[in-house]
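If you read the sequences in order, they're chains A and B.
Heads up: the first sequence begins at 368 in this note's numbering, then just goes up one per residue.
Heads up: the second sequence begins at 368 in this note's numbering, then just goes up one per residue.
For reference, the structure is listed below as structure tokens.
Protein chains: 2
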Amino acid sequence: MNSGDPESDLLALLAHAELTGFLHTSRAASQAPTTDVQVALGRLAVSQFGHYERLASRLRDHGHDPAEQVAPLADVVRVFHERTEPHDWLEGLIKALVGDGIARDFAREVASRVNPELAELVAADSGSSENEQVVAAAVSAAIKEDPTQAGRLTLWARRVLGETVAQAQAVAVERDALADYIVGGRGSGWNLVELGHLMASLTQSHEERIRRLGLAREDD
Amino acid sequence: MNSGDPESDLLALLAHAELTGFLHTSRAASQAPTTDVQVALGRLAVSQFGHYERLASRLRDHGHDPAEQVAPLADVVRVFHERTEPHDWLEGLIKALVGDGIARDFAREVASRVNPELAELVAADSGSSENEQVVAAAVSAAIKEDPTQAGRLTLWARRVLGETVAQAQAVAVERDALADYIVGGRGSGWNLVELGHLMASLTQSHEERIRRLGLAREDD
Chain A
368 MNSGDPESDL LALLAHAELT GFLHTSRAAS QAPTTDVQVA LGRLAVSQFG HYERLASRLR
428 DHGHDPAEQV APLADVVRVF HERTEPHDWL EGLIKALVGD GIARDFAREV ASRVNPELAE
488 LVAADSGSSE NEQVVAAAVS AAIKEDPTQA GRLTLWARRV LGETVAQAQA VAVERDALAD
548 YIVGGRGSGW NLVELGHLMA SLTQSHEERI RRLGLAREDD
Chain B
368 MNSGDPESDL LALLAHAELT GFLHTSRAAS QAPTTDVQVA LGRLAVSQFG HYERLASRLR
428 DHGHDPAEQV APLADVVRVF HERTEPHDWL EGLIKALVGD GIARDFAREV ASRVNPELAE
488 LVAADSGSSE NEQVVAAAVS AAIKEDPTQA GRLTLWARRV LGETVAQAQA VAVERDALAD
548 YIVGGRGSGW NLVELGHLMA SLTQSHEERI RRLGLAREDD
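The structure is reproduced here in structure tokens:
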């Protein structure tokens, strides 16, 4: 985020999210108890790495070194991961899926507001529903075996969402030009309001996603 | 390895090696200190997963479920990984590279002896030398910073090789039809002799590989 060019800042943010998504999804794969789930998570991880490569390539087209551009974000992302360190493979699995879902929703929302070309870039090759089904089946099986898991895992999914929002807001406050770009350039007075709408939309998609995984809201 | 069909056994062995290679390489990536090394290891991991997908697809063509075919090998591979648990990211990195190198050499040796079609399958998309250079540079930098690392890492690389050979021999003793197939079907009396030649060849390639990483033999 050296340049002050908000499109490059956004590309760097998305690229870094995909790269760390790849690392965490593959770690969840290594802890999965069956080959089917390992392979489903492996495919998700490979797709995330492919997104990273495309975003990094776009950054190079803009004359930026992806590693340098991403470096100032490292602290924010490290804090996120420190606060969402999974305690077991199920938490790792849910973090991978929830984190990937939020990153993809975020990219889609932002791209549809400001940059159709970027929308095309982030929409390509998104996770297949077949893989999501394999993973959802693994979560369901774990809950069926021990129904007390459902509450714990729902809270965990909410914590991953909460930490994502907290870190996104930290970036937005610090990088006004980026926040302005993301919400469509209506002037900085609008930024926090528009970011609020964006977060509300991401939260709603998140609730739908965890329902598909067989998890319910804690107050249901 | 349910079938007793040695080609399917071999495909399952190679597929499982690529899948676990993917998992361990991506874990090394998650521990790497720079984005450049993370990305280089990420590319290696993605290439290993691609190999897995191609080998698994071939197994399905043969009428086998890759997950089922691989299951009887899980113990051997688990023992290997338990005995080569990295203590830090450099050991993880070397394990990823050395393991991938041995798996690729093994596949090439075997394929060239018995099955040109398989040779084509395993040769495709092998790790680029550019990635190997990025990783070698990271190892060199670590050794430059602390020269006492060189001996420890060389011994570590040798241990990874030794455990690979030990587990391969365990498979060969238990699966005579597979060993026979691998060494070219000259009859079981030849198997251990031919396997010895194969292991000697793999060891030599290994020594060349660790020299390229800037590591020397312990007795140099």
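All C-beta atoms, glycine included, are put in the ideal place defined by N, C-alpha and C.
Listed along chain A is no residue with a C-beta nearer than 8 Å to that of B/ARG579; the closest approach is about 23 Å.
Residues of the stretch 449-472 of chain B whose Cβ lies closer than 9 Å to any Cβ of chain A: none.
At least one CB of chain B lies nearer than 8 Å to the CB of A/GLY409. Annotation for B/ARG410: the continuous alpha helix (DSSP H) segment containing it runs 402-428.
B/ALA396 reaches chain A at LEU390, counting residues in chain order whose Cβ is nearer than 7 Å. Under a 10 Å Cβ-count criterion, B/HIS573 is classified as buried, with 16 or more other Cβ atoms of the shown protein chains found around its own Cβ. None of the residues of the stretch 508-535 of chain B has a beta carbon lying less than 9 Å from any beta carbon of chain A.
Contact annotation for B/LEU386 against chain A: THR402, GLN405, VAL406 and GLY409 [CB-CB distance below 8 Å, chain order]. If you check the CB distance, A/VAL465 and A/ARG579 do not come in under 8 Å.
In this structure, DSSP gives B/HIS573 a helical state, which the three-state scheme calls helix. Exposed is the label assigned to B/SER479, since fewer than 16 other Cβ atoms lie within 10 Å of its Cβ. A Cβ-Cβ contact shorter than 8 Å links B/PRO433 with B/ALA382. In the displayed model, B/HIS564 falls within a helix according to three-state DSSP. Sequence-distant partners of A/ALA423 (beyond 5 residues in either direction) whose C-beta falls short of 6 Å from its own C-beta, in its chain, are ALA382 and PRO433. Against chain A, the beta carbon of B/ALA412 has neighbours under 7 Å at SER393, listed in chain order. B/ARG450 carries a helical assignment under DSSP once its states are collapsed to helix, strand and coil.
In this structure, DSSP gives A/ASP442 a helical state, which the three-state scheme calls helix. For B/VAL437, the chain A residues whose C-beta falls within less than 7 Å of its own C-beta are THR402, listed in chain order.
In the structure shown, B/THR531 adopts helical secondary structure according to DSSP, grouped into three states. Ranking A/GLY563, A/SER568, A/HIS454 and A/LEU562 by CA distance to the CA of A/LEU520 puts A/HIS454 first.
In this structure, the alpha-carbon of A/ALA509 lies about 11 Å from that of A/PRO400.
Of all alpha-carbon atoms in B/GLU476, B/ASP403 and B/ASP372, the one lying nearest the alpha-carbon of B/GLN571 is that of B/GLU476.
At a C-beta separation below 8 Å, B/ALA434 has these neighbours in chain A: THR401, THR402, ASP403 and VAL406. By the Cβ neighbour-count rule, B/ALA505 is buried, with 16 or more other Cβ atoms within 10 Å of its own. Listed by position along chain B, the residues whose Cβ is nearer than 7 Å to that of A/PHE416 are GLY409 and VAL413. Fewer than three pairs of CB atoms, one per stretch, sit closer than 8 Å, so the stretch 434-441 of chain A makes no contact with the stretch 513-529 of chain A.
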